[in-house]
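Numbering (my numbering), first residue to last: 2 to 201. Glycine included, C-beta positions come from ideal geometry on N, C-alpha and C. Quick notes on the structure that follows.
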């Protein structure tokens with residue numbers, strides 16, 4: 002990639018970029034809630050979702066969070082968001098390889114799914130986050146069609162974020178924005194422990 006631009010070349014390239022950006026901004030005329038998916042095998046899916054929650058809170062928006070899979074331990078996002086009056090529900094069983102009890106996991110998943118459903122029909126919520134919900138579909142805990150029906154009928158202004166690996170193709174087609182986190186390297190592979198405030 003070239004880096005030796007002189008001042009006039011730099012100005013010209015930035016003017017071209019500005020024109021392109023302005024054209025895209027001009028074409029964006031729809032105002033409605035968006036559906037965002039963070040998927041992939043890389044770190045950062047939950048982090049991105051919770052960062053958006055913080056941003057929404059900064060504008061005084063009402064946020065709801067449901068965490069599937071996670072929930073048997075303290076975590077930073079729960080501590081922070083609860084302190085800012087976010088409705089936060091956790092499945093509470095931990096990882097499936099820890100519980101090894103399918104019926105218990107299904108029951109717990111459906112309990113918190115009911116909380117998500119309640120928020121997804123309530124116009125007071127501006128943003129609803131369903132963290133790790135993709136696993137609920139992969140494992141067959143919650144029917145995909147049920148999830149899609151609820152998402153499609155939510156209030157028009159309401160934005161939603163879904164996270165988790167192996168997101169189902171139908172959900173990605175339904176989404177407005179899909180980001181795939183790709184693992185390039187991870188400290189855990191070098192034997193570095195997961196750390197509070199960084200990893201949870």
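Nearest-angstrom beta carbon gap, residue j and residue i [assumed within contact, 8 Å]
i: residue 64; j: residue 128; result: 5 Å
i: residue 1; j: residue 40; result: As shown, the chain starts at 2 and ends at 201. That puts residue 1 outside it, with no answer to give.
i: residue 66; j: residue 130; result: 5 Å
i: residue 201; j: residue 77; result: 6 Å
C-alpha distance - residue i paired with residue j, whole-angstrom precision
i: residue 20; j: residue 12; result: 12 Å
i: residue 105; j: residue 91; result: 14 Å
i: residue 191; j: residue 183; result: 18 Å
i: residue 144; j: residue 169; result: 12 Å
i: residue 36; j: residue 24; result: 23 Å
i: residue 173; j: residue 52; result: 21 Å
i: residue 30; j: residue 177; result: 14 Å
i: residue 32; j: residue 118; result: 23 Å
i: residue 1; j: residue 15; result: Residue 1 lies beyond the residue range present for the chain, which begins at 2 and ends at 201; the question has no answer from this structure.
i: residue 126; j: residue 175; result: 20 Å
i: residue 171; j: residue 86; result: 33 Å
i: residue 26; j: residue 58; result: 25 Å
i: residue 34; j: residue 10; result: 40 Å
i: residue 120; j: residue 84; result: 19 Å
i: residue 48; j: residue 103; result: 27 Å
Status (buried if at least 16 other CB within 10 Å, exposed otherwise) for residue i
i: residue 158; result: exposed
i: residue 22; result: exposed
i: residue 160; result: buried
i: residue 113; result: buried
i: residue 115; result: exposed
i: residue 50; result: buried
i: residue 185; result: exposed
i: residue 1; result: Nothing can be reported for residue 1: it is not among the residues displayed for the chain, which extend from 2 to 201.
i: residue 134; result: buried
i: residue 148; result: buried
CB of residue i within 9 Å of CB of residue j, strictly
i: residue 167; j: residue 46; result: no
i: residue 38; j: residue 151; result: no
i: residue 55; j: residue 82; result: yes
i: residue 122; j: residue 154; result: yes
i: residue 142; j: residue 111; result: yes
i: residue 75; j: residue 197; result: yes
i: residue 136; j: residue 70; result: yes
Cross-strand partners of residue i (DSSP beta bridge)
i: residue 131; result: 67 and 163
i: residue 88; result: 65
i: residue 36; result: 161
i: residue 180; result: 39
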